[in-house]
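Below is one structure, written out as structure tokens; the observations come after it.
Printed below as a string of structure tokens:
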């Protein structure tokens, strides 16, 4: 079975249907996240632990050398001074002696040299930036509730996931490659029809949840994809395609009654539960946490669309998949592993937790321009997306783990 976008391309196998679309591009309606300029930093304060007599600075003010000892350390370094005697009435520095080897003498029955143990620790921690500070006066940003909203998304995302083995347990006439072929075609239809970005993610989610519950023959698979996109458009879209549009897109492969019957079947199979958190809602938030620019926005979206085609990404939660795409995109643009404390705070994922998914994404990126499914590469290899598809993949992520 082959699903084609151009009606002039014949099917490779006998008796299989063609998917065709001649929908014209209606203009650019893609929303790019703006830069988040946050002027918030974190001030660091040196920490000095002076015990007993060493903490009484006023007793040594007359001694210029001691004023240097008791001066707080700077440059992000703190000194922890550990004394082994009760009190130290006098401190003497030997000539030309560095501060790293300090000898302290105590006047007791017999002189005893007590080494001063200094432990240096770089205690500076990267601050977590308040990414919502610039939206406090924007009522549409709902800054007061945004953390609760995304906490609820994280709670509900598992309910919208499917078994990663549903192709083996539920389907007998279709396989992973057919699913990839369908979604590759839907990505191009979505782009040419200029539906909203979230529509594509919800379409794929509906397809997977339906196929995980209902067996489908290969000749009905394209119908499932079209109806799933119709339902997604009705839920989140502004312009909704009519049934006649679907008939035209499919090159009249299906009738009006077949489309309506499939819509009815899908709604009842899913129990009218259409919307669950998709990677798209998390991607928007995580890009904001990364204080992204247009390059990071477009590259992250490119990597996310590549993941939609791949069946093996079904096992990852939407939040982890979105975080891994942002992390991989940052690594690709910077040339090294980059994951800020702000990103880790808002995503709740560390670099180590993202590594497995990130390595898979790098492989998808590496082969995006080759193979049978190139709709995503073609889409992002345009001036509209600043040729994001031409960015070099972060191969060092895979190579370092193999060593």
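In the working numbering, the protein residues as written are 1 to 403.
The beta carbon of each residue, even a glycine, is placed where N, CA and C say it ideally should be.
Handout entry: Start-to-end residues for the alpha helix (DSSP H) that takes in residue 276
Key = Premise fails: residue 276 is in no alpha helix (DSSP H) and is neither H nor E.
Problem - Under 8 Å between C-beta atoms of residue 328 and residue 289 - result: no
Exercise for the section: Determine the contact status of residue 441 and residue 295, defining contact as a CB-CB distance below 8 Å. Expected result: The shown model of the chain, from 1 to 403, leaves out residue 441, and the question about it has no answer.
Practice task
Check whether the Cβ atoms of residue 325 and residue 292 sit closer than 8 Å, and answer yes or no.
Solution key: 8 Å or more divides the Cβ of residue 325 from the Cβ of residue 292.
Problem - When 269, 315, 131, 399 are compared against residue 404, the one with the closest alpha-carbon - result: What is shown of the chain runs 1 to 403, which leaves residue 404 out entirely.
Practice task
For the alpha helix (DSSP H) containing residue 184, list its first residue and its last residue.
Solution key: Segment 176-193, the alpha helix (DSSP H) holding residue 184.
Problem - Secondary structure of residue 248, DSSP reduced to three states - result: Three-state result, residue 248: helix.
Practice task
Report all residues from its chain with a CB closer than 8 Å to the CB of residue 206; omit the five preceding and five following residues, and keep chain order.
Solution key: 228, 231, 232, 266, 270, 274
Problem - Rounded C-alpha distance that separates residue 238 from residue 284 - result: C-alpha separation (whole angstroms): 19 Å.
Practice task
Can you give me the Cβ contacts of residue 221 inside the same chain, cut-off strictly under 7 Å, excluding the 5 residues immediately before and after it?
Solution key: Here the set comprises 174, 178, 182.
Problem - Own chain, CB closer than 8 Å to residue 398, minus 5 neighbours either side, in chain order - result: 359, 362, 363
Exercise for the section: Output yes or no for whether 8 Å exceeds the beta carbon distance between residue 153 and residue 202. Expected result: no
Practice task
Could you tell me whether the Cβ atoms of residue 160 and residue 279 are closer together than 8 Å?
Solution key: no
Practice task
Drop a sphere of 10 angstroms on the beta-carbon of residue 106, count the other beta-carbons inside from all chains shown, and report buried for 16 or more, exposed for fewer.
Solution key: For residue 106, the predicted model reports a pLDDT of 44, less than 50, meaning its position is unreliable; a value from the coordinates is still stated below. With 16 or more Cβ atoms within 10 Å of its Cβ, residue 106 is classed as buried.
Handout entry: Proximity below 8 Å, CB of residue 317 to CB of residue 198
Key = no
Practice task
Pull up the distance between the alpha-carbon of residue 241 and that of residue 128, whole angstroms please.
Solution key: 44 Å
Handout entry: Local conformation of residue 199 per DSSP, three classes
Key = helix
Exercise for the section: With a threshold of 16 other CB atoms inside 10 Å of the CB of residue 345, please say whether the residue is buried or exposed. Expected result: exposed
Practice task
Measure the C-alpha to C-alpha separation of residue 189 and residue 246 and round it to an integer number of angstroms.
Solution key: 10 Å
Exercise for the section: Look at the alpha carbon of residue 150 and the alpha carbon of residue 282, and state the distance between them as a whole number of angstroms. Expected result: 8 Å
Handout entry: Under 8 Å between C-beta atoms of residue 187 and residue 375
Key = yes
Problem - Length of the line joining the Cα atoms of residue 272 and residue 155 - result: 20 Å
Practice task
Could you name the residues of the same chain whose beta carbon sits closer than 8 Å to that of residue 215, not counting the 5 residues immediately before and after it, in chain order?
Solution key: 170, 171, 172, 173
Handout entry: Neighbourhood of residue 195 by C-beta distance below 7 Å, restricted to the same chain and skipping five residues each side
Key = 233, 237
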